[in-house]
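S.K.: Would you mind keeping the following structure in view while I ask a few things?
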Amino acid sequence: MPSLDNKTIAGLLEETAVYMRLAGVNDFKAIAFDRAARTIETLENSIEPLITEKKLTDIKGIGKSIAQDLYAYAETGAIPVLEELKEQVPESLVAWLNISGLGPKKIYKIHKALGISTIEELQEKCADGSVAKLSGMGAKSAEKILKSIEWMQQFSERCRLDEATEIAQRFYDDLKSVKGVQEISIAGSLRRSAETIGDIDILIAAEKADTAAIFETFLAHESVLEVLGQGDTKASVRTKEGRQVDVRIVGQKEFPAALMYFTGSKEHNVVMRQRARDQKLTLNEYGLFHMDGAGNTDFERPVETGSEADIYKELGLSFVPPELREDRGEFAFFEKHKLDDANLPEVSDIRGVLHAHSTWSDGKYSIREMAEACMAKGFEYLGLTDHSRTAAYAGGLTIERVKKQWEEIDALNSEFANNGKNFRIFKGIESDMLPDGSLDYPDDILAGFDFVIASLHASLDMAPEKMLERYLRAIENPYTRIVGHPTARLLLKRDGSKVDLNKMIEAAAAHNTAIEINASPWRLDIDWRYGQKAKKEGLMTAICPDAHDIEGIDDTAYGVAIARKGWFSKDRILNTMSAAELQQWFDNR
DNA sequence: GCCGTTTTCGGCCCGACTGTTTTCAGTCG
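Anchor point for the first sequence: position 284 equals 284 in the UniProt record's numbering, and the numbering is continuous, going up by one each time.
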């Protein structure tokens, strides 16, 4: 029986779409498969019963044909149309899509004309001039392909949110003060706080007369390794870190529409444009316009909009914060509600640090140093969670050391109280979740902690069903108050465990156990894509920096961004509570 | 391939840039 989980099915449909594009079939077919994949990926419940009961066409976006494909897959373990495509299109061509400048059409043309299918062959044929001879290609195309392959091998395609933030900030700071810059904003996936970033987009409002000087500053920036392209309104560079940075300049009047446009997401924009069409308007990066008789944009008749919020308003929506622009429920919500109704957190709403390590295990600073750093940053409490005894590699605490640590925490708390400091350290532990789902200490020790975070650190590649059992057992344990980084993924490095997060969320919500948002930019786990499910189940979370040093405490900001992206309202975030309220919640098992 | 208070056929978001052309296709976001 093939695996029928949502992710696997969505992956297969996506793969089919990729092969369709490479095979040159009608692009709308491929789009239909992509849409279906996205829909299934976003479902809050398992798709399996819909397959076994043959009710797939109940889902909007899945018609007879795709339904039949998936019924066949459930029976045979293969999608017939995908298998056929694979006979036509060599698998190794898929990797070519990562080469910038090469799309499905050119890839197929080169493959057919020269009978090659590997990247190495492509490099050869570019170098010996064969590619340049093909119609529609030329010497520049071949050169660009070679260059792009070189970049691809040298640099990774995406980077973490913290890396992108740092690079973007550099350009932003320098460009902000250039003469003629009227407005400037980061756009793209970085503005949406995606967990990994491909290109960095910066948008500027300026008069036409000033654009040349602004581009000059941009292209001459010390971080620039190579200029990739430059036009009247747009320029692209590659930085020494291998990141592509695009700067676009528009007129000040166009800035709001352009900002919306370049913030995306693509999926969000598609719906926005459709909404405009429904009102006989058209939306592009220059603004919202009426249409002429032929249904084309009438640039002479704009709808006046002075901000992104105005554009949303014209299209029947309240302002949608950038983090939520993913076409994952924001349209239904903001048609009826205002931003305040979402009750999303700001960094300033976070009152305490939960999940941090000290020198007692693998942290860099003592408990006192961590506590004082928290105080200096304006927090009211620290939930200290060193590693448990099984995590010997990280200096996990034996029972004896646990007891000693408690003494130290008690002493520090008394000292703070005696000095009139309104600050408290909670005794916590990041307990390894053992392979059978039990925690790492006997009950009498577990009872001595204020709270326990149960985390996965070893035996990550268990079968999904076994892993779910392991989690369920840990969630049912009355001492577990928070589940740590639920998939244990490391972004761009290691996939997390394949556990069914929808089921985990249901169980955690039912047992009043929180699942953390691990705010380390390496993790950002639980994934924001499960936000709607979490909201529906009333799941609690905590924004946890998992700090191993003082700087790590500031990762809280990334966690707040992900919490917003995942629709977590303040009342479902433990560390928006006061210390007293939190104590009560910990005790209410 | 999917969808339908304009439609069961004919649409499906839109513009900039590039490189190849000499009016446009392909790619990108």
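The beta carbon of each residue, even a glycine, is placed where N, CA and C say it ideally should be.
Fair warning: this is a prediction, and the values are worked out from it, not measured in the lab.
1. Assuming contact is defined by CB atoms lying nearer than 8 Å, are residue 611 and Ala205 in contact in what I supplied?
2. Could you have a look at Met182 and say whether DSSP puts it in helix, strand or coil?
3. Could you tell me the distance, in whole angstroms, from the CA atom of Asp409 to the CA atom of Ala356?
4. Between the stretch 489-496 and the stretch 464-476, do at least 3 Cβ pairs fall closer than 8 Å?
5. Report the option in Gly448, Trp528, Ala510 whose CA atom is closest to the CA atom of Thr487.
6. Please confirm if the stretch 555-563 is in contact with the stretch 341-349, defined as three or more CB-CB distances below 8 Å between the two stretches.
7. Taking Cβ to Cβ, would you say Thr556 is nearer than 8 Å to Ala519?
8. Just verifying my parser: in three-state terms, what is the DSSP assignment at Tyr381?
9. Taking Phe426 and Gly383 to be in contact with their CB atoms under 8 Å, please state how far apart those CB atoms are, rounded to whole angstroms.
10. Apart from the five residues on each side of it in sequence, which residues of its chain come closer than 8 Å, Cβ to Cβ, to Ile66?
11. Residues in the same chain with beta-carbon distance under 6 Å from Thr263, minus the five sequence neighbours each way, listed in chain order, please.
12. Does DSSP classify Val25 as helix, strand or coil?
13. Please confirm whether Phe451 and Ile482 have their CB atoms less than 8 Å apart.
14. Counting only runs that start and end within the stretch 427-515, where is the alpha helix (DSSP H) found for 4 or more residues in a row?
15. Under three-state DSSP, which class holds Leu524?
16. Between which residues of its own chain and Gly63 is the CB-CB distance below 7 Å, once the five residues before and five after are set aside?
17. Buried or exposed: which applies to Arg301, given that a residue is buried once 16 or more other Cβ atoms fall within 10 Å of its Cβ?
18. Pull up the DSSP beta-bridge partners for Gly229, would you.
19. What does DSSP give as the partner residues of Ile388 in its beta bridges?
20. Considering only C-alpha positions, which residue in the set Ser307, Arg325, His221 is nearest to residue 599?
21. Measuring CA to CA, which of Gly136, Ile145, Lys208, Arg21 is closest to Glu121?
22. Assuming contact is defined by CB atoms lying nearer than 8 Å, are Arg160 and Thr196 in contact in what I supplied?
23. Is Arg301 helix, strand or coil when you go by DSSP?
24. Would you mind reading off the limits of the alpha helix (DSSP H) that contains Asp340?
25. So within the stretch 133-211, which uninterrupted alpha helix (DSSP H) runs reach at least 4 residues, ignoring any that extend past its ends?
26. With the cut-off set at 8 Å, would you say Ile550 and Glu430 are in Cβ contact?
27. Return yes when the Cβ of Ser318 is within less than 8 Å of the Cβ of His337, no when it is not.
28. Measure the alpha-carbon distance for Gly566 versus Ile214 and round it to whole angstroms.
29. When the Cβ atoms of the stretch 106-126 are set against those of the stretch 78-96, are three or more pairs found closer than 8 Å?
30. Compare the C-alpha of Met462 against each of Pro435, Phe449, Arg38 and name the closest.
31. Is Gln274 helix, strand or coil when you go by DSSP?
32. Can you give me the start and stop residues for the beta strand (DSSP E) that Thr263 sits inside?
33. First and last residue of the beta strand (DSSP E) that includes Asp246?
34. Going by beta carbon distance, what residues of the same chain come within less than 6 Å of Tyr479, once the five residues before and after it are set aside?
35. Should residue 645 and Val131 be called a contact, given that it needs their Cβ atoms to be closer than 8 Å?
36. From Glu157 to Asp443, what distance separates their C-alpha atoms?
M.R.: Considering the structure as presented:
1. A query on residue 611 cannot be resolved here, the shown segment of the chain reaching from 1 to 589 and no further.
2. Sequence check: residue 182 is Gln here, not Met. It is coil, neither helix nor strand.
3. In the sequence as presented, Asp is not what sits at residue 409; that position holds Ile. Going from the Cα of Ile409 to the Cα of Ala356 covers about 14 Å.
4. no
5. Trp528
6. yes
7. yes
8. strand
9. 4 Å
10. Leu13, Ala32, Phe33, Ala36, Leu56
11. Ala187, Arg191, Pro322
12. coil
13. yes
14. 443-446, 464-476, 501-510
15. coil
16. Thr57
17. exposed
18. Ser236
19. Note that residue 388 is Ser in the sequence shown, not Ile. According to DSSP, which records beta bridges pairwise, Ser388 is partnered with Leu397.
20. This structure cannot speak to residue 599, because the chain is shown only from 1 to 589.
21. Ile145
22. yes
23. strand
24. 339-342
25. 139-154, 161-176, 188-191
26. no
27. yes
28. 36 Å
29. yes
30. Pro435
31. helix
32. No beta strand (DSSP E) holds Thr263; the alpha helix (DSSP H) holding it covers 255-263.
33. 244-250
34. Leu446, Val452
35. Because the chain is modelled from 1 through 589, residue 645 falls outside the range shown and cannot be assessed.
36. 47 Å
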